[in-house]
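Residue numbers (the working numbering): 7 to 608.
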Amino acid sequence: MPQILIVLCLLALITACGNSKKTSTESPSKSTAVESTSTKVLDLNGRQYRLAYPEAGFDENKAYKLLLAFHGSGQTAQHMQNMAQLEKYSDDYLVVYPSSKEVEWDDGCGCNIAHRLAANDVEFVVAIIEKMHAEYRLIDGENYAVGFSQGGLFSQNMLCKHSGLFKGVASVASPMSVQLSATCRIAQPTNYLMIHGKLDTVLPYDGYKHNNFGLISAPNAIETIAKENSIEVSPVITEEAENVTALTYQGEQSVTSKLITIGNGFHTWFFSKFNTSKEVLKFFNQHSRYNFLEGSALYRLDQGDYHVRTLGEPNESADIVVLSGANKYFHSDSAWTSLIHHKLAEHGRVHVIDRLGSAWSSDTSEPSFSLFAADLPKILDMLKVKSVIFVAFSNSNLATLMYQDSAHPDIETKGFVWVDPDILLPHSIAQYQSGSVAGLRAYRSEYIEHVSAGNWTDKTASRVAEERGDIQSLIPIAYQSDMDWDYYDLVTQQRLDVSKQVTRIKEMMNYHDDLEIAKYLVSGLTVPVSIVDGDFERFDIAATEGSVQESLIKWQEEGSEWSKMMASNTEGEYIPLENVSHQLLFEHPEKVVDAVSVLLNK
7 MPQILIVLCL LALITACGNS KKTSTESPSK STAVESTSTK VLDLNGRQYR
57 LAYPEAGFDE NKAYKLLLAF HGSGQTAQHM QNMAQLEKYS DDYLVVYPSS
107 KEVEWDDGCG CNIAHRLAAN DVEFVVAIIE KMHAEYRLID GENYAVGFSQ
157 GGLFSQNMLC KHSGLFKGVA SVASPMSVQL SATCRIAQPT NYLMIHGKLD
207 TVLPYDGYKH NNFGLISAPN AIETIAKENS IEVSPVITEE AENVTALTYQ
257 GEQSVTSKLI TIGNGFHTWF FSKFNTSKEV LKFFNQHSRY NFLEGSALYR
307 LDQGDYHVRT LGEPNESADI VVLSGANKYF HSDSAWTSLI HHKLAEHGRV
357 HVIDRLGSAW SSDTSEPSFS LFAADLPKIL DMLKVKSVIF VAFSNSNLAT
407 LMYQDSAHPD IETKGFVWVD PDILLPHSIA QYQSGSVAGL RAYRSEYIEH
457 VSAGNWTDKT ASRVAEERGD IQSLIPIAYQ SDMDWDYYDL VTQQRLDVSK
507 QVTRIKEMMN YHDDLEIAKY LVSGLTVPVS IVDGDFERFD IAATEGSVQE
557 SLIKWQEEGS EWSKMMASNT EGEYIPLENV SHQLLFEHPE KVVDAVSVLL
607 NK
């Protein structure tokens with residue numbers, strides 16, 4: 007065994023691969039068992055690994071990301087879990103802590119015990135990933151890996167040999183072996199983070215010269231990986247905090263190779279004023295397609311994964327389910343409801359559900375409100391909803407009608423709050439089915455081909471920017487602090503994905519048939535329907551003339567009369583608003599919240 011690895015193993019056994027001079031009190035000074043029902047010790051081909059569920063609890067219906075964490079030389083999987091405790095810092099991952107077969111991992115240097123004894127660590131980890139995906143609801147393309155000390159060298163070896171398996175890889179307290187730096191080939195550019203203490207004397211930051219086990223420096227290692235990631239630009243140096251510097255290589259495809267240097271850091275996982283577990287997860291989340299904020303998760307059905315944001319605590323009356331619909335550009339995701347999420351959560355448990363093809367929900371070949379309505383009972387069952395009030399914006403009232411038309415004996419519907427809903431009378435239905443919807447249906451294959459080629463991406467980006475400006479101007483001063491801009495921006499950025507654009511136009515095409523289904527369902531309603539009715543139609547009326555204008559006036563007038571009738575017939579409220587836009591949820595959130603409160607108290 008090379009001399010440096012002997013030192014490594016001795017230090018690992020004495021200090022859990024920390025340094026006696028470590029500056030953080032956050033890192034455990036000795037092994038403290040993390041044994042609970044939230045961790046399982048599992049076997050695969052005679053070898054063990056630990057599977058840690060999120061500390062907040064495991065939900066068998068949710069879809070998770072996968073994170074593998076590799077221990078240092080002389081350590082065990084339990085050592086790594088005790089030290090990093092990654093499952094405590096995020097509810098989005100299932101964390102696997104594998105055990106090396108020998109005292110160290112086969113880290114790609116071709117020079118150590120694990121290599122000579124053919125430990126096959128790389129193959130073992132690949133097999134774990136395959137097994138986890140076969141047995142759990144895991145999100146495709148969302149595998150991550152991190153390693154500490156010699157486990158960090160092994161995480162680099164996994165990156166070099168199987169980059170296609172990972173969205174992101176990180177290493178802590180490990181530069182790179184001379185041998186791996188010469189042979190590493192990254193087939194698919196992959197986000198990589200290196201965290202290293204400048205005062206590390208075990209695996210030195212500045213490298214180590216040795217005939218058998220030499221190390222290149224951390225800056226040279228990040229440069230090597232950046233080049234393998236096809237990043238040709240110069241790095242950017244930033245001061246992240248006191249004694250913390252970042253050297254970042256940013257590629258054209260948003261692939262990042264980043265070195266964080268801890269100026270006063272030794273050979274340890276945690277550093278003074280730097281929580282490594284949090285920072286590793288932060289890096290992975292930044293580069294994940296599913297960079298979720300508070301409450302968001304994916305729930306898997308046969309048709310795909312549905313994005314649901316859950317906030318608030320249960321009350322004694324009902325859960326509140328928020329559904330979004332289309333604006334003038336047919337953007338139809340939960341960004342439109344982002345102002346009222348937390349305000350409604352003050353009154354009970356809130357579930358905001360995005361249909362397939364919206365936000366982070368999976369794409370689907372034939373998106374429609376009827377498909378969503380068929381899946382809605384299954385989603386509510388996964389969410390353990392027993393009693394519900396639906397808040398439906400714009401044309402999502404179609405989904406509530408279709409849902410209510412089917413029998414759901416285990417779930418009580420206490421009422422609907424419709425905000426500027428579709429008017430299900432012949433003239434209005436003809437209005438919705440004309441224009442863009444008719445044009446898309448007439449040239450279905452041509453439009454799908456055109457949008458699939460990315461020809462709508464620039465247009466979508468300009469509309470996202472335009473809409474954001476409009477929303478900013480609409481929110482009254484009294485509600486500006488309630489606006490969840492972080493959530494709004496993350497959701498609207500999903501619209502730039504070409505597959506989301508294709509799904510959106512397909513849903514517009516199928517909207518015609520959804521209307522045909524829903525128009526027969528109004529008479530069967532037996533629950534209170536409260537309607538917040540704005541006069542947004544006046545903008546289109548003012549911009550037209552002649553027969554087109556007359557048609558729009560009739561649409562507005564019959565819409566108001568129909569909404570009054572629906573509220574009256576079902577013992578709901580009719581709440582008219584004047585001089586407002588179609589985005590009532592931003593202008594008058596209090597009207598919606600008050601309407602929900604009335605239904606909760608019935």
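Even glycine gets a Cβ: it sits at the ideal position worked out from N, Cα and C.
On a Cα-Cα basis, can you pick out the residue from the options that is closest to residue i?
i              : options                           : result
tryptophan 561 : Ser487, Ser434 and Lys94          : Ser434
isoleucine 633 : Gln256, Ser569 and Ile237         : For residue 633 there is no data in the structure shown, the boundaries of the chain being 7 and 608.
proline 427    : Tyr453, Gln439 and Thr406         : Thr406
serine 155     : Leu350, Ile385, Gly460 and Ala75  : Ala75
proline 181    : Thr463, Arg315 and Phe160         : Phe160
serine 569     : Trp424, Gly63 and Ala62           : Trp424
serine 64      : Lys46, Arg53 and Tyr55            : The question names serine, but residue 64 in the sequence shown is phenylalanine. Among Lys46, Arg53 and Tyr55, the Cα nearest to that of phenylalanine 64 is on Lys46.
histidine 414  : Leu431, Ser393, Phe422 and Leu404 : Ser393
threonine 498  : Ile268, Ser479, Ile523 and Ser367 : Ser367
proline 60     : Asp112, Ala69 and Leu446          : Ala69
leucine 345    : His85, Asn607, Gln91 and Val598   : Val598
leucine 253    : Thr274, Glu229 and Phe276         : Glu229
To the nearest angstrom, report how far apart residue i and residue j are at their CA atoms.
i              : j                 : result
alanine 83     : serine 278        : 24 Å
histidine 357  : lysine 390        : 11 Å
valine 175     : glutamine 309     : 30 Å
glycine 460    : alanine 467       : 12 Å
alanine 39     : glutamine 87      : With a pLDDT of 40 at alanine 39, under the threshold of 50, the modelled position of this residue cannot be trusted, and the question is left open.
tyrosine 312   : aspartate 360     : 6 Å
lysine 288     : glutamate 472     : 30 Å
alanine 365    : aspartate 503     : 10 Å
glutamate 352  : glycine 78        : 46 Å
glutamate 584  : valine 239        : 54 Å
aspartate 488  : aspartate 600     : 16 Å
serine 412     : leucine 521       : 17 Å
serine 183     : phenylalanine 219 : 7 Å
tyrosine 55    : phenylalanine 298 : 27 Å
proline 595    : lysine 349        : 8 Å
glutamine 437  : tryptophan 342    : 23 Å
isoleucine 268 : histidine 202     : 6 Å
aspartate 339  : alanine 179       : 42 Å
aspartate 490  : glutamine 500     : 16 Å
Please classify residue i: does DSSP put it in a helix, a strand, or coil?
i              : result
proline 582    : strand
arginine 306   : strand
tyrosine 409   : helix
aspartate 600  : helix
isoleucine 20  : Legend: pLDDT at isoleucine 20 = 31, less than 50; position of this residue unreliable, value from coordinates given subsequently. It is helical.
glutamate 300  : coil
glycine 565    : helix
lysine 27      : Because the pLDDT of lysine 27 is 31, which lies under 50, any placement of that residue in the model is unreliable, and the number read from its coordinates should be weighed accordingly. Of the three classes helix, strand and coil, the one that applies to lysine 27 here is coil, per DSSP.
isoleucine 417 : coil
methionine 540 : The amino acid at residue 540 is misidentified as methionine; the sequence shows glycine. Three-state result, glycine 540: coil.
threonine 509  : helix
valine 261     : coil
serine 169     : helix
glycine 552    : helix
glutamine 54   : strand
lysine 71      : strand
histidine 382  : Here the sequence assigns leucine to residue 382, which means histidine is not the residue at that position. If DSSP states are grouped into helix, strand and coil, leucine 382 belongs with the helices.
Of all the CB atoms in chain D, is at least one closer than 7 Å to the CB of residue i?
i            : result
tyrosine 214 : Here there is only one protein chain, and chain D is not present.
Inter-stretch contact (C-beta, 8 Å, three-pair minimum) for the region 212 to 223 and the region 161 to 172: Contact fails: fewer than three Cβ-Cβ distances are below 8 Å.
Count Cβ pairs between the region 221 to 234 and the region 201 to 212 that sit closer than 8 Å; are there 3 or more? Yes, the region 221 to 234 is in contact with the region 201 to 212.
What are the complete beta strand (DSSP E) segments, minimum 3 residues, inside the region 438 to 504? none
Please specify which runs of the beta strand (DSSP E), each continuous and at least 3 residues long, are wholly inside the region 74 to 159, giving them in chain order. 99 to 104 and 144 to 154
4 or more residues per run - each alpha helix (DSSP H) lying fully within the region 312 to 378: 347 to 351
Within the chosen definition, does the region 230 to 248 reach the region 291 to 302 through at least 3 CB pairs nearer than 8 Å? no
Are there three or more Cβ pairs, one per stretch, closer than 8 Å when the region 130 to 137 is compared with the region 94 to 106? yes
Only counting runs of 4 or more residues, tell me where the alpha helix (DSSP H) segments fall wholly within the region 188 to 254, in order along the chain. List check, alpha helix (DSSP H) in window: 224 to 234.
Would the region 328 to 342 and the region 574 to 594 be scored as touching if the rule is three or more Cβ pairs under 8 Å? Verdict: yes, contact present.
Can we say the region 541 to 549 touches the region 390 to 402, given the rule of at least three CB pairs closer than 8 Å? no
Does the region 117 to 124 come close enough to the region 137 to 149 to have 3 or more Cβ pairs within less than 8 Å? no
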